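Working notes for the structure below.
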Amino acid sequence: MQLVTKINEVYKREWFDLLDKIDQITQTLGYAEYNRQQFRAEIINWCEEVDSRLNEPPPEPIIPQPLSEELFGTEV
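Per numbering that gives the first Met the number 0, the very first residue in the sequence shown carries number 0; after that it's consecutive.
Laid out in structure tokens, this is it:
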């Protein structure tokens with residue numbers, strides 16, 4: 000599962016929504032009514048969500064389009 004590695008990667012990439020989610024999941028360990036299978040399922044789902052984001056292609060860089068009067072040789 001490599002949970003610690005995934006948490007570190009999420010922190011490095013500043014995915015604070017996933018950090019909040021894992022924090023909420025781990026806090027459920029203190030609840031007596033929360034069973035082990037539920038905890039394990041939530042951890043697995045969280046890991047899958049991290050893997051999914053890690054496998055997404057990076058966003059396309061936004062390259063500003065120059066105004067026509069700023070282009071070389073187009074001065075009027």
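Here a beta-carbon is modelled for each residue, glycine too, at the ideal position from N, C-alpha and C. Here the structure is a predicted model, which means the values were calculated and not measured.
Item: Taking the C-alpha atoms as reference points, what is the distance between E59 and E48?; Value: 21 Å
Item: Along the chain, where does the alpha helix (DSSP H) containing T27 start, and where does it finish?; Value: Careful: T27 lies outside any alpha helix (DSSP H) and carries neither H nor E.
Item: I'd like to know whether the C-beta atoms of L18 and Y10 end up nearer to each other than 8 Å.; Value: yes
Item: Label I61 either buried or exposed according to how many other C-beta atoms from any shown protein chain fall within 10 Å of its C-beta, with 16 as the threshold for buried.; Value: exposed
Item: May I have the straight-line CA-CA distance separating L53 from E32, to the nearest angstrom?; Value: 33 Å
Item: My understanding is that T27 touches F15, with C-beta atoms under 8 Å, so please give their C-beta distance in whole angstroms.; Value: Not a contact, Cβ separation roughly 19 Å.
Item: Can you list, in chain order, the residues of its chain whose CB lies under 6 Å from that of R12, leaving out five sequence neighbours each side?; Value: none
Item: Rounding to the nearest angstrom, what Cα-Cα distance links L2 and P63 in this structure?; Value: 39 Å
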